[in-house]
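This report refers to the structure that appears directly beneath it.
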Amino acid sequence: MPLSKKYTLAALLCGALIAGCEGEQQAPSVAVSTQTGGDAGEVTSATGDLSVWPELKPALAEDPGLEARITELMAQMSLEEKVGQMIQAEIKYVTPEDVKNYHLGSVLNGGGSYPDNNKLATPQDWLALSEAFFAASMDTSDGGVAIPIIWGSDAVHGHNNIVGATLYPHNIGLGAARDPELIRRIGEATAREVAVTGVDWTFAPTVAVVRDDRWGRTYESYSEDPAVVEAYAEAMVKGLQGEKADEDFLRGENLVATAKHFVGDGGTTRGIDRGDNLVPEKELAEVHAAGYFGALPAGVQTVMASFNSWNGDRLHGHKYLLTDVLKERLGFDGFVVGDWNGHQFVPGCTVDSCAAAINAGLDMFMVPSDWKELYKNTLAQAQNGEIPMARIDDAVRRILRVKIRAGLFEHERPLAGKDGILGNDDHRALAREAVRKSLVLLKNNGNLLPLKPQQNVLVAGDGADNLSKQTGGWTISWQGTGNTRADFPGATSIYEGIAEVVKSSGGEAVLNEQGEFGADSFANGQKPDVAIVVFGEEPYAEWHGDLSSLEYQQTTKTDLALLKKLHAAGVPVVSVFLSGRPLWVNKEMNASDAFVAAWLPGSEGAGVADVLFTDADGEVRYDFTGTLPFSWPHYVHQTVLNPYHDDYEPLFQLGYGLQSGQESLVSNQLTEDGETYTDGALEDAWMLVSRPRAPWQLQIEESGQAPVAVTGNRATSGEDANITVASIDMESQEDARKIDWKGLRAGSVLLAAEKPQDLSRYLKEGAALSFDIRVDSKPQQPVSASIACGDDCSAELPLQNALQALETGKWSKLSIDLQCFVYKGADFSRVSNALALSTEGQLSLAVANVKYVPKAADEAAIRCEG
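So the sequence shown is residues 9 to 874, counted in our numbering.
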C-alpha cells in the first residue's frame with residue numbers, strides 16, 4: 009500500500025507526528041536529494057552558505073559574573089594546565105594521579121568499560137572512582153589551579169553501562185511513541201540513575217536523521233523525520249539537564265547532556281558508519297541538523313563532533329561547520345568534544361597529533377589510550393604557535409563555562425551513592441510504559457490481537473526469553489554481547505511478562521524456543537491456541553551493525569522456517585519482531601497472522617504482554633498506539649526510503665500503525681522476490697567486518713575437540729589456551745582480531761556457517777578473497793588458507809611464503825583469486841567455511857575486513873592457473 013505521491017510533506021507530517029494539525033497545511037521548504045547522496049556543489053570545508061542556517065542566539069544570556077570568574081581562573085592557569093583541560097582519557101588508561109599531574113579536563117568510560125575493569129562493579133565502586141578523580145583534579149599541592157574534572161558516559165537508553173539500571177527502549181522505539189513528554193520523563197529518570205554513580209555528563213541524545221537503514225546506528229535515531237528528531241532532542245535535553253530557566257538547571261539531580269554527532273552522521277552513502285554524507289548544504293541544514301534546532305535552544309551544553317565526512321571533508325577538522333556554523337551562526341557557547349579518536353581521520357593527523365582539529369573548533373579531544381602523547385604534541389603545537397593561543401583560550405573558556413554552570417566546583421551531589429534510585433520501581437514502570445507506547449502493530453488478520461489470556465499460549469523464538477537480545481547494543485558491554493540473564497537483575501523478559509499475564513488469568517504459557525509441542529505440553533492435553541514467536545536481530549553497535557542488505561536472515565531463514573512450521577501445524581502465529589531498524593521481512597510477514605514491530609524494548613519486556621493481551625474479562629488493557637518512525641520497505645532494494653522522494657513506495661508509510669479492531673491492510677501474499685542488491689549490482693560479501701557477519705561465525709577448531717565459538721572480546725581453545733583470539737583496534741574500536749598459536753598442536757581459526765552458502769555468483773564475477781593482515785611473528789611451520797564446502801569438500805592453499813614476505817608489525821592487504829580454491833577442489837555453491845587459517849606451529853597475526861570482492865581477481869596478490 010504505497011503512499012500516494014500527491015501527499016505533501018506537510019500533510020504527511022501532520023498525520024504522522026506528535027500533535028494534530030489544524031487548517032490547510034503548506035509544504036515546508038525542505039530541500040532534499042532523492043538518493044543517498046546529492047550534488048556536493050561547491051561547498052568546501054572553508055566556505056559555505058550561512059544563509060541556509062537559522063541565526064540563533066545563545067540559549068543562556070551572557071553572565072558577566074560567570075565570565076569574570078572564568079577570566080580570573082584562566083589568568084592563574086599555565087599553558088600546560090590549559091592543554092590538560094582539553095584532554096579526555098578513558099578510565100582504563102588513566103589514574104587519579106594522572107589527572108593530578110596532567111590537569112586533565114575529563115575522563116570517560118567507553119562502552120564495556122567499568123571501574124577496575126569489573127563488569128559487576130557496584131554503584132559504590134563507580135562513585136568511589138569518581139570521587140578519586142575529583143579529589144585529584146582539585147589537588148593544588150603542585151601549585152596548580154583547582155579545576156574539577158568532568159566524567160562522561162554513554163547513558164543512551166538509561167544508565168546502560170551498569171548492571172541493575174533501568175533500560176529504556178532504544179531511540180527508534182521511543183520515536184514510535186510520538187510522545188515528547190515521555191521522552192522528557194525518561195531523561196529525568198536517566199539523569200537520576202547516572203547521578204547515583206557520580207557521573208556528571210552523558211553523551212546523549214543522538215539526534216541523527218537516518219536516510220539509509222543499513223546504517224549500524226539506525227536504532228540510535230528517533231526517526232527519519234526531522235520534525236520528530238527536533239522535538240525529541242528538545243525534550244530529552246530538558247529531561248537530562250533541566251529547564252534552562254530553573255534554579256537547578258544542570259545541577260542537583262540533572263546532568264550535562266550532549267547533542268551528537270555534528271553533523272550528518274545519519275546520511276552517509278550506503279549507510280556506512282563514519283562514511284561520507286554527500287548532500288547539498290541546504291539539506292544538511294534542514295534535514296540532518298534538525299535535532300540541533302531543538303537541543304541548542306533547550307541549552308544543551310556539549311556537542312560531539314561526528315566521525316563522518318561531509319562532501320569529502322572530515323567533521324573533526326571542519327572549521328566551517330564547527331566554528332562558523334555551530335558556534336557563530338547557531339550561537340553555541342558550550343564546548344565541542346570529539347568522538348573516540350575521531351581526530352585521527354583528519355588529513356595530516358594521527359591519533360597523537362592533530363592541531364587541525366583544535367584549529368577547526370574542537371575543544372576537547374576524546375583520546376582514550378594515547379592521551380599522553382597527544383597532550384605533549386598539543387602542548388608543543390600551542391608553544392610554537394601552530395595552534396594560536398586565542399584558540400586554546402577559547403576552548404578552555406568554553407570548558408570552564410560548562411563546568412561552572414554545572415556546579416562542579418561546588419561538588420554538590422545530592423544523589424551520589426543514594427540507595428533506592430538505580431533500577432527503582434518508578435523508573436521501571438516508566439520504562440514499561442515506554443515499551444507499551446513503542447509497539448507498532450503492522451498486521452492483524454482477523455483481529456487476532458489482542459489475545460485473550462485464558463488460552464494455551466506457546467511462546468517460541470530465540471528472543472522470547474533473551475534479555476540480551478531485547479536490550480540490544482550499548483547494554484553493559486559496548487556491543488551488547490556477552491551478557492547473561494544474571495546481568496539483568498530486576499528485569500523481565502518478554503516471555504516472563506507473557507507468562508505472568510496468562511497464568512494470572514487462568515491460561516497456560518509454555519516456552520519452547522524451537523516451537524515444539526506435543527500432547528503433554530499443556531496441562532489440558534490440547535495443542536496451542538496461539539503461538540507468540542519472538543525473533544529478530546542480534547545485538548550490535550556502531551559500524552559493527554552496518555548491513556549490505558536489508559533482508560532479514562538473508563541466507564539462513566531459520567526464523568522463517570519456525571513460523572512456517574507452526575502454520576503447518578494449524579497454530580495461529582503472532583510475530584514479535586526485535587530490530588534496530590525496518591528490515592525486509594515480507595516472507596516472515598506472509599507466515600504470520602499478526603506482526604508487531606517491538607524494536608529493542610530494553611529491560612522491561614513485560615510491557616509487550618501489556619498490549620498483546622486483554623484483561624481477564626476480554627477488555628483491552630492498553631491499545632496499540634505506536635506508529636512507524638521509519639518507512640518500512642516493500643522491496644529489499646529500498647534502502648533509502650523517505651516520504652519526500654519521488655519513488656516513495658513503502659510497504660508501510662512513515663506514521664503507519666494499526667490499533668485494536670482496525671482492519672489489517674497488508675496482503676498475505678507480499679512479494680517474496682526481489683534483487684538483493686541495489687540496481688542488481690553484486691556487492692562485497694562481508695564475512696568479518698568489525699564482527700562476523702551472519703551467517704558466518706568465528707570459531708577456533710582443533711583436532712579431536714569441539715569448535716569454540718568466538719562470541720566476545722576474547723576466546724581460547726583448551727585449558728592450555730593453545731589458540732587465542734582477541735579483539736583489537738586497527739583503525740577503529742575492536743575492528744580486528746589478533747590470533748595467537750602457541751604451537752602445542754595443529755589448529756585453525758575459521759569463519760563457518762551453520763548451513764552451506766551458495767557463493768557461486770562471486771566466482772562467476774571474478775571475485776577475490778580479501779583481508780587485512782598484520783604478521784606479528786613470522787611463521788615457523790607451514791600455514792594454510794582454506795575454504796570448505798561440506799565434510800567431503802575442501803580446498804587448501806599454502807600461505808607461509810606470502811606471510812614471510814610481509815613486513816612484521818605492519819598492516820597489509822592480502823587477496824587471493826577465488827579460482828585458486830576451485831583448482832584445489834572447492835565448490836562455491838555450498839561454502840561452509842569461507843576462510844580458515846591453520847598451522848601447527850607458533851604464529852601471531854591479526855586480521856580484519858575479511859570479504860569476497862567482485863571483479864578483484866585480476867588484481868589479487870595470489871593468483872593461480874589451472
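Backbone N, C-alpha and C define an ideal beta-carbon position, used for all residues, glycine too.
Anyone know if the C-beta pair for residue 701 and residue 766 falls short of 8 Å?
Cβ distance not < 8 Å, so residue 701 and residue 766 don't count as in contact.
Could you check the C-alpha separation between residue 871 and residue 821 for me, to the nearest Å?
The alpha-carbon atoms of residue 871 and residue 821 are separated by roughly 15 Å.
Can you check which of these residues, 280, 88 and 109, is closest to residue 555 by C-alpha distance?
The residue with the shortest Cα to Cα distance from residue 555 is 280.
For residue 297 and residue 218, the rounded distance between their alpha carbons:
Their Cα atoms are separated by approximately 11 Å.
DSSP on residue 32, reduced to helix/strand/coil?
Bear in mind that the predicted position of residue 32 carries a pLDDT of just 29, short of 50, making it too unreliable to give a figure here.
In terms of alpha-carbon separation, which member of 119, 112, 128 and 175 lies closest to residue 142?
The residue with the shortest Cα to Cα distance from residue 142 is 112.
The beta strand (DSSP E) spanning residue 762 covers which residue range?
Counting along the chain, the beta strand (DSSP E) containing residue 762 begins and ends at 755–765.
Which of helix, strand or coil does DSSP assign to residue 791?
Looking at residue 791 - three-state DSSP - the assignment turns out to be strand.
Can you check DSSP and say which residues form a bridge with residue 466?
Paired residues: 518 and 539.
Among the residues of its own chain, which have a CB less than 6 Å from the CB of residue 365, if the five just before and after it don't count?
The answer, listed in chain order, is 324, 325, 351 and 354.
Taking 8 Å as the cut-off, decide whether the C-beta atoms of residue 97 and residue 376 are in contact.
For residue 97 and residue 376, yes; Cβs fall inside 8 Å.
Pull up the DSSP beta-bridge partners for residue 559, would you.
Residue 559 pairs with 592.
For residue 809, three-class secondary structure by DSSP
Helix.
Residues near residue 39 by beta carbon distance below 7 Å, same chain, minus five either side
Summary for residue 39: the model assigns pLDDT 39, below 50, so the residue's position carries little reliability; its value from the coordinates is reported in the next sentence. Closer than 7 Å at Cβ, skipping near neighbours: 288, 290, 291 and 294.
With 16 other CB atoms within 10 Å as the buried threshold, where does residue 397 fall?
Under this definition residue 397 is an exposed residue.
Quick check: what's the CA-CA separation for residue 149 versus residue 392?
Cα to Cα, residue 149 sits roughly 29 Å from residue 392.
From residue 270 to residue 56, what distance separates their C-alpha atoms?
For residue 270 and residue 56, the distance between alpha carbons rounds to 16 Å.
Could you compute how far the alpha carbon of residue 10 sits from the alpha carbon of residue 223?
Confidence at residue 10 is low in this model, with a pLDDT of 33, below 50, so its placement is unreliable and the value that follows should be read with caution. Each residue's Cα considered, the two are about 23 Å apart.
In angstroms, rounded to a whole number, what distance separates the CA positions of residue 550 and residue 229?
The alpha-carbon atoms of residue 550 and residue 229 are separated by roughly 12 Å.
The stretch 447–458 contacting the stretch 484–493, beta-carbon criterion three pairs below 8 Å
Short answer: they don't touch.
Work out the CA separation of residue 749 and residue 610 for me, nearest whole Å.
The C-alpha of residue 610 lies about 39 Å from the C-alpha of residue 749.
Residue 301 in three-state terms, based on DSSP
Residue 301: helix per DSSP, three-state reduction.
Cβ shell of residue 509 (< 7 Å), same chain only, five flanking positions each side left out
Leaving aside the five residues that flank residue 509 on each side, the residues in its chain whose CB is nearer than 7 Å to its CB run, in chain order, 461, 617 and 621.
Do you know offhand how far residue 106's Cα is from residue 742's?
The straight-line gap from Cα to Cα measures roughly 25 Å.
How is residue 611 classed by DSSP in three states: helix, strand or coil?
Note: residue 611 maps to coil in three-state DSSP.
Going by DSSP in three states, residue 102 sits in which element: helix, strand or coil?
Correct three-state label for residue 102: coil.
Alpha-carbon to alpha-carbon, residue 552 and residue 641:
Across the structure, residue 641 and residue 552 are spaced so that their CA atoms are roughly 22 Å apart.
Who pairs with residue 732 in a beta bridge, going by DSSP?
The partner list for residue 732 (beta bridge, DSSP) reads 724 and 748.
Quick one: does residue 242 have its CB under 8 Å from some CB of chain B?
You won't find chain B in this structure, because it holds only one protein chain.
Given a cut-off of 8 Å, decide if residue 180 and residue 607 are closer than it, judged by their beta-carbon atoms.
With contacts defined by Cβ atoms closer than 8 Å, residue 607 and residue 180 form a contacting pair.
Buried versus exposed call for residue 512 [16 or more other C-beta atoms within 10 Å across all chains shown]:
It counts as exposed.
Since residue 386 contacts residue 94 with CB under 8 Å, what's their CB separation in whole angstroms?
The beta carbons of residue 386 and residue 94 sit about 7 Å from each other, so the pair counts as a contact at 8 Å.
Are the stretch 850–858 and the stretch 781–801 in contact at 8 Å, needing three or more beta carbon pairs?
With the rule of 3 Cβ pairs closer than 8 Å, the stretch 850–858 counts as touching the stretch 781–801.
For the candidate residues 801, 778, 259 and 807, whose alpha-carbon lies nearest to that of residue 791?
Measuring from the Cα of residue 791, the nearest candidate turns out to be 807.
Rounded to whole angstroms, what is the Cα-Cα separation between residue 659 and residue 413?
About 48 Å.
Through-space distance from residue 158 to residue 108, alpha-carbon basis:
Cα to Cα, residue 108 sits roughly 13 Å from residue 158.
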